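Trainee: One structure is given below, represented as structure tokens, and several questions about it will come after.
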Ligand code: PMP
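Residue numbers (our numbering): 20 to 435.
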């Protein structure tokens, strides 16, 4: 049993010693002290079904035995070395990861967070193309470093600091709320317009999530990416897919989110689920683009460390061995079906959308969110107005977990 300080003591210390920027959900915050696969446990031993997975980070399950074993073995052998010395884990991991990428995406650079990966992707794009302008989407989220804050398309996360020089925000191809419905090429016209009106006619990059995560699990309208990729490449730019939330089979129908629209990016950024919770992130690109960083010294102290790489390798193995992509397709399909059934019953649900185990439903979220927690399910929340449920569980969820979640949601909605 848990023997540390009480929840009230932890909350008091957090208020006194931690940055006030840390926020918590729920009126009475949850303290999680143990985890096992799809479950979290609080300090009193109460079990919650985890429908948010540390924000899509715990991909294969909390404390997955195979990941734990790999991390412990590597920790006991050698925790840290530097990429100046050779190490097998980082080399083998780079091979195994890029083996899973299409086209010429065959070189990896490891960093520690999604923001870092996107910072680096932007820099590589600018160095490679000799252009400066970058096109991003309204409602996007790519991190909170100064450079990535410039890419953000939601005022709620932006600080009043200089950011985003040369960055332009295109119309969001949002099939539910957007002006052109699910007509991707029609939204893409705005990118052509931006290139013509806001840039020198040449751009460095277009960057996008394949399903907007923080923005409320918003997929991109059909046919959007193929049209935009072509426009951007014609304007001298490269295409960057941010797969921080959508990669590694989570969408069920594909291993990488971009494959759902049949495109192959020039640069892919990865974080969160890549390490099942260990600090690990990556930029994967072509040998030609990767070469630009070699023109100067470049170094990252923790990037590619043996322990994180051991975790990353274990995650790849577990996804294959346990058929987790197929599980996301099956369990995610059941989830959408069940949520659509609930939508028929509760008018307040405006939209059910997503792919695999990457889904939200829109509702009077705050009250339902609290009630679901009381009933034992930890959901996520997102969208500019915090009005979309984000259901992004560990990929080991079963149909029984879906049924429990739906029963809890049904009850909470019925009580509105
Ligand atoms: N890209 C996407 C799509 C994300 O959702 C996030 C984090 N929410 C990031 C990048 C930034 O990752 P990090 O917090 O590790 O910097």
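Where a beta carbon is used, it is the ideal one built from N, C-alpha and C, also for glycine.
Just so you know, these numbers come straight off a predicted model, no measurement behind them.
Given the structure, does residue 161 come close to ligand 1, in the sense that its CB is under 8 Å from one of the ligand's heavy atoms?
Mentor: The count along the chain shown starts at 1 and reaches residue 161 at position 142. Yes, since a heavy atom of ligand 1 falls inside the 8 Å radius drawn around the Cβ of residue 161.
Trainee: Given this structure, state the Cα-to-Cα distance separating residue 276 from residue 39, to the nearest angstrom.
Mentor: Residue mapping note: residue 276 aligns to position 257 of the chain shown, counting from 1. Residue mapping note: residue 39 aligns to position 20 of the chain shown, counting from 1. If you take the alpha carbons of residue 276 and residue 39, they lie about 35 Å apart.
Trainee: Would you mind reading off the limits of the alpha helix (DSSP H) that contains residue 364?
Mentor: Position 345 of the chain shown holds residue 364. 343 to 364 is the span of the alpha helix (DSSP H), which, as asked, contains residue 364.
Trainee: CB residue 79 to CB residue 414, shorter than 9 Å?
Mentor: Locating residue 79 in the chain shown gives position 60, counting from the first residue. Locating residue 414 in the chain shown gives position 395, counting from the first residue. For residue 79 and residue 414, yes; Cβs fall inside 9 Å.
Trainee: Starting from residue 383, trace the beta strand (DSSP E) both ways and give me its first and last residue.
Mentor: Along the chain shown, one-based indexing puts residue 383 at 364. Looking at the DSSP string, residue 383 is not in any beta strand (DSSP E), and its letter there is neither H nor E.
Trainee: If we call anything under 9 Å between Cβ atoms a contact, is residue 262 one with residue 239?
Mentor: The residue labelled residue 262 in the question sits at position 243 within the chain shown. The residue labelled residue 239 in the question sits at position 220 within the chain shown. Against a cut-off of 9 Å, the Cβ pair of residue 239 and residue 262 comes out as no contact.
Trainee: Rank 34, 76, 330 by C-alpha distance to the C-alpha of residue 87 and give the top, closest one.
Mentor: By one-based count along the chain shown, residue 87 stands at place 68. Checking every option, the nearest Cα to that of residue 87 belongs to 330.
Trainee: Could you say if the region 343 to 361 and the region 315 to 325 meet the contact criterion of at least three C-beta pairs nearer than 8 Å?
Mentor: Short answer: they don't touch.
Trainee: Span of the alpha helix (DSSP H) holding residue 338?
Mentor: Position 319 of the chain shown holds residue 338. Counting along the chain, the alpha helix (DSSP H) containing residue 338 begins and ends at 325 to 340.
Trainee: For residue 345 and residue 334, I'd like the C-alpha separation in whole angstroms.
Mentor: As a working note, residue 345 is residue 326 in the chain shown. As a working note, residue 334 is residue 315 in the chain shown. So the two alpha carbons sit approximately 15 Å from each other.
Trainee: Please report how far the alpha carbon of residue 91 lies from the alpha carbon of residue 118, in whole angstroms.
Mentor: Against the chain shown, residue 91 aligns to sequence position 72. Against the chain shown, residue 118 aligns to sequence position 99. Going from the Cα of residue 91 to the Cα of residue 118 covers about 25 Å.
Trainee: Please give the ranges of any alpha helix (DSSP H) in the region 89 to 133, keeping only runs that are unbroken, at least 4 residues long and fully inside the region.
Mentor: The region 89 to 133 contains these whole alpha helix (DSSP H) runs: 107 to 118.
Trainee: Closest to residue 340 by C-alpha separation, out of 268, 287, 322, would be which residue?
Mentor: As a position in the chain shown, residue 340 is number 321, starting the count at 1. Checking every option, the nearest Cα to that of residue 340 belongs to 268.
Trainee: According to DSSP, residue 409 sits in a beta bridge with which residue or residues?
Mentor: Here residue 409 corresponds to residue number 390 of the chain shown, with the count starting at 1. According to DSSP, which records beta bridges pairwise, residue 409 is partnered with 399.
Trainee: Around the Cβ of residue 296, are there at least 16 other Cβ atoms within 10 angstroms (buried) or fewer (exposed)?
Mentor: Along the chain shown, read from residue 1 onward, the residue named residue 296 stands at position 277. Answer is buried; the Cβ neighbour count reaches 16.
Trainee: Would you identify the three-state DSSP class for residue 307, choosing helix, strand or coil?
Mentor: Within the chain shown, residue 307 is the residue found at index 288, counting from 1. It is helical.
Trainee: Out of curiosity, what's the CA-to-CA distance linking residue 131 and residue 97?
Mentor: The residue you call residue 131 lines up with position 112 of the chain shown. The residue you call residue 97 lines up with position 78 of the chain shown. Their Cα atoms are separated by approximately 18 Å.
Trainee: So, helix, strand or coil for residue 66, using DSSP?
Mentor: The residue you call residue 66 lines up with position 47 of the chain shown. The answer is strand: DSSP assigns residue 66 an E or B state.
Trainee: Which residues does DSSP list as the beta-bridge partners of residue 300?
Mentor: Here residue 300 corresponds to residue number 281 of the chain shown, with the count starting at 1. DSSP, once it has assigned bridges, lists 130 as partnering residue 300.
Trainee: How is residue 174 classed by DSSP in three states: helix, strand or coil?
Mentor: Here the question's residue 174 lines up with position 155 in the chain shown. In this structure, residue 174 counts as helix in the three-state DSSP scheme.
Trainee: Does at least one heavy atom of ligand 1 sit under 8 Å from the Cβ of residue 158?
Mentor: Position 139 of the chain shown, counted from the first residue, corresponds to residue 158. Flag unset: Cβ of residue 158 not near ligand 1.
Trainee: Could you give the first and the last residue of the continuous beta strand (DSSP E) run that contains residue 58?
Mentor: Locating residue 58 in the chain shown gives position 39, where the first residue counts as 1. 58 to 61 is the span of the beta strand (DSSP E), which, as asked, contains residue 58.
Trainee: If you reduce the DSSP assignment to three classes, tell me which class residue 166 lands in.
Mentor: Within the chain shown, the letter at position 147 stands for residue 166. Helix, per DSSP.
Trainee: Given a cut-off of 9 Å on the beta-carbon distance, is the pair residue 200 and residue 243 in contact?
Mentor: Working through the chain shown from its first residue, we reach residue 200 at position 181. Working through the chain shown from its first residue, we reach residue 243 at position 224. Contact flag unset, no.
Trainee: Assuming residue 235 and residue 122 are in contact, meaning their beta carbons sit under 8 Å apart, how far apart are those beta carbons, in whole angstroms?
Mentor: Here residue 235 refers to the residue found at position 216 of the chain shown. Here residue 122 refers to the residue found at position 103 of the chain shown. About 30 Å; that fails the 8 Å criterion.
Trainee: Can the beta-carbon of residue 359 be found less than 9 Å from the beta-carbon of residue 115?
Mentor: Residue mapping note: residue 359 aligns to position 340 of the chain shown, counting from 1. Residue mapping note: residue 115 aligns to position 96 of the chain shown, counting from 1. No. Outside cutoff.
Trainee: Using a Cβ-Cβ cutoff of less than 6 Å, which residues in the same chain neighbour residue 142 once the five nearest sequence positions on both sides are dropped?
Mentor: On the chain shown, residue 142 is found 123 positions in, with the first residue counted as 1. Answer for residue 142: no residue qualifies.
Trainee: Rank 23, 37, 44, 32 by C-alpha distance to the C-alpha of residue 388 and give the top, closest one.
Mentor: As a working mapping, residue 388 is identified with position 369 in the chain shown. It is 44 whose Cα lies nearest to the Cα of residue 388.
Trainee: I'd like the span of the alpha helix (DSSP H) that includes residue 29, first residue to last.
Mentor: In the chain shown, the residue the question calls residue 29 occupies position 10. Element bounds for residue 29: 26 to 36.
Trainee: Who pairs with residue 441 in a beta bridge, going by DSSP?
Mentor: Missing from the structure shown is residue 441; the chain here goes from 20 to 435 and no further.
Trainee: Can you find a heavy atom of ligand 1 that lies under 8 Å from the Cβ of residue 264?
Mentor: Taking the chain shown and counting its residues from 1, one reaches residue 264 at position 245. Yes, since a heavy atom of ligand 1 falls inside the 8 Å radius drawn around the Cβ of residue 264.
Trainee: Starting from residue 374, follow its DSSP beta bridges and name the residues at the other end.
Mentor: The residue you call residue 374 lines up with position 355 of the chain shown. 377.
Trainee: So, helix, strand or coil for residue 418, using DSSP?
Mentor: In the chain shown, the residue the question calls residue 418 occupies position 399. Three-state result, residue 418: helix.
Trainee: Determine the DSSP secondary structure at residue 210, reduced to helix, strand or coil.
Mentor: Position 191 of the chain shown holds residue 210. Helix, per DSSP.
Trainee: Is it true that the CB of residue 301 sits closer than 9 Å to the CB of residue 166?
Mentor: Here residue 166 refers to the residue found at position 147 of the chain shown. Here residue 301 refers to the residue found at position 282 of the chain shown. Not a contact, by the Cβ cut-off of 9 Å.
Trainee: Using 8 Å as the cut-off, classify the Cβ of residue 400 as near or not near the heavy atoms of ligand 1, replying yes or no.
Mentor: The count along the chain shown starts at 1 and reaches residue 400 at position 381. No, the Cβ of residue 400 stays beyond 8 Å of every heavy atom of ligand 1.
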